[in-house]
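K.L.:
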Amino acid sequence: MPIYEYQCKDCQHTFETLVFQNDHNPVCCPYCNSDKVTRLMSASSVFSSTSLGRCAAPAGGGFS
Ligand SMILES: [Zn+2]
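Residues in the sequence shown are numbered consecutively from 50, following this note's numbering.
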């Protein structure tokens with residue numbers, strides 16, 4: 050069962066929830082019960098793209 054991370058657009062609360070393949074009910078914020086939630090990208094994919102961007106900076110030698 051995959052666990053997805055969501056963020057509520059109304060209160061900015063982030064939460065994780067199990068998503069069942071046969072469950073088509075909308076995900077609601079457990080904090081304010083709003084259904085205006087967005088699914089966040091996984092932390093690992095966000096981190097890797099950020100790291101790639103920073104790797105473009107000049108590196109190696111020249112400092113001493
Ligand atoms: Zn909320």
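Beta carbons: idealized from backbone N, C-alpha and C, even for Gly.
Fair warning: this is a prediction, and the values are worked out from it, not measured in the lab.
Once the 5 residues before and after Ile52 are set aside, which same chain residues still bring their CB inside 8 Å of it?
P.N.:
Within the same chain, Ile52 has close Cβ partners Glu65, Thr66, Leu67, Val68.
K.L.:
Looking at Tyr55 and ligand 1, is the gap between the Cβ and the nearest heavy atom below 7 Å?
P.N.:
Tyr55 Cβ: outside cutoff for every heavy atom of ligand 1.
K.L.:
Go through the region 54-88 residue by residue and report every complete run of the alpha helix (DSSP H) that reaches 4 residues or more, in order.
P.N.:
If we require 4 residues or more, the region 54-88 turns out to have no alpha helix (DSSP H) run fully inside it.
K.L.:
Please report the distance separating the alpha-carbon of Lys85 from that of Cys77.
P.N.:
Whole-angstrom Cα-Cα distance: 7 Å.
K.L.:
Would you tell me roughly how many angstroms separate the C-alpha atoms of Cys60 and Cys81, rounded to the nearest one?
P.N.:
Each residue's alpha carbon lies about 7 Å from the other.
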